[in-house]
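Following: one structure in structure tokens, then a few remarks.
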Amino acid sequence: MLFSLGQFTFGLQTLPTDQLRRVAAWRHPSSSRVGARPARQFVGQGDETINLSGVLAPEFAGSMRSLDALRKMADSGKAWALVSGGNPCEVFGAFVIENLTETRSVLIDTGAARRIEFDLQLMRVDDERAEPSGGVDPWPVDDNWEWWL
8 MLFSLGQFTF
18 GLQTLPTDQL
28 RRVAAWRHPS
38 SSRVGARPAR
48 QFVGQGDETI
58 NLSGVLAPEF
68 AGSMRSLDAL
78 RKMADSGKAW
88 ALVSGGNPCE
98 VFGAFVIENL
108 TETRSVLIDT
118 GAARRIEFDL
128 QLMRVDDERA
138 EPSGGVDPWP
148 VDDNWEWWL
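Counting in this note's numbering, the sequence shown runs without a single skipped number right up to 156 at its last residue.
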């Protein structure tokens, strides 16, 4: 596992990620002054974004279903915990999916792509907004348990 966003794991079987770009900002608004530089005051953290990008080759590494799963997660509007799979693992915090870009190339005669580049843009939110179940329904609709009732 390279990374995990909620219960979705990035890896060779799902989405092979080859780059992480992290941008953090801090807020220093200014007030204009006559005859001097603007006065600045630190008021806290600003936006933090993480971009995960990579190449999906459905015949060799990754699955198209993984992109669909990320779209479904984004449609929910929920925040997810982002964790790296390294040793030691790093907990980045809670993030919402803001953008998913894919570029399909090396098209075959059926229109299917042999190479899909993706870029996933995540925006940091307060950790309290993270989905506590990690994206797993604790009470799934499952008719297999009706016999128990």
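Glycine residues also receive a C-beta, built at the ideal position from the N, C-alpha and C atoms.
Practice problem: Along the alpha helix (DSSP H) that carries A76, what are the first and last residues, could you check? | Solution: Indexing the sequence shown from 1 puts residue 76 at position 69. Boundaries of the alpha helix (DSSP H) around A76: 71-83.
Self-check item: Within 8 Å, strictly: CB atoms of T108 and S73
Solution: Within the sequence shown, numbered from 1, the residue matching residue 108 stands at position 101. Within the sequence shown, numbered from 1, the residue matching residue 73 stands at position 66. No.
Self-check item: Proximity of R131 and E55 at Cβ, strictly below 8 Å
Solution: In the sequence shown, residue 131 corresponds to position 124, counting from 1. In the sequence shown, residue 55 corresponds to position 48, counting from 1. Yes, they are a contact pair.
Quiz prompt | 7 Å CB neighbourhood of S38 in its chain, flanking five on each side removed | solution = Mapped onto the sequence shown, residue 38 falls at position 31. Close CB contacts of S38 within its chain, under the 7 Å cut and outside five residues either way in sequence, are with P45, A46 (chain order).
Quiz item: Since S98 contacts A88 with CB under 8 Å, what's their CB separation in whole angstroms?
Solution: The residue labelled residue 98 in the question sits at position 91 within the sequence shown. The residue labelled residue 88 in the question sits at position 81 within the sequence shown. Note that residue 98 is Val in the sequence shown, not Ser. Between the beta-carbon of V98 and that of A88 there is about 7 Å, and that keeps the pair under the 8 Å contact cut.
Quiz item: In terms of DSSP beta bridges, what is V103 paired with?
Solution: Within the sequence shown, numbered from 1, the residue matching residue 103 stands at position 96. V103 is bridged to M130.
Quiz item: In the structure shown, what three-state DSSP assignment does R44 receive?
Solution: What you label residue 44 is simply residue 37 of the sequence shown in a count that begins at 1. It is coil, neither helix nor strand.
Practice problem: Sort out for me which residues DSSP pairs E124 with in a bridge. | Solution: Residue mapping note: residue 124 aligns to position 117 of the sequence shown, counting from 1. Answer is V62, T110.
Self-check item: Straight-line Cα distance separating D116 from G100
Solution: As a working note, residue 100 is residue 93 in the sequence shown. As a working note, residue 116 is residue 109 in the sequence shown. In this structure, the alpha-carbon of G100 lies about 43 Å from that of D116.
Exercise. Return yes when the Cβ of G69 is within less than 8 Å of the Cβ of P23, no when it is not.
Key: Working through the sequence shown from its first residue, we reach residue 23 at position 16. Working through the sequence shown from its first residue, we reach residue 69 at position 62. Taking 8 Å as the Cβ cut-off, P23 and G69 qualify as a contacting pair.
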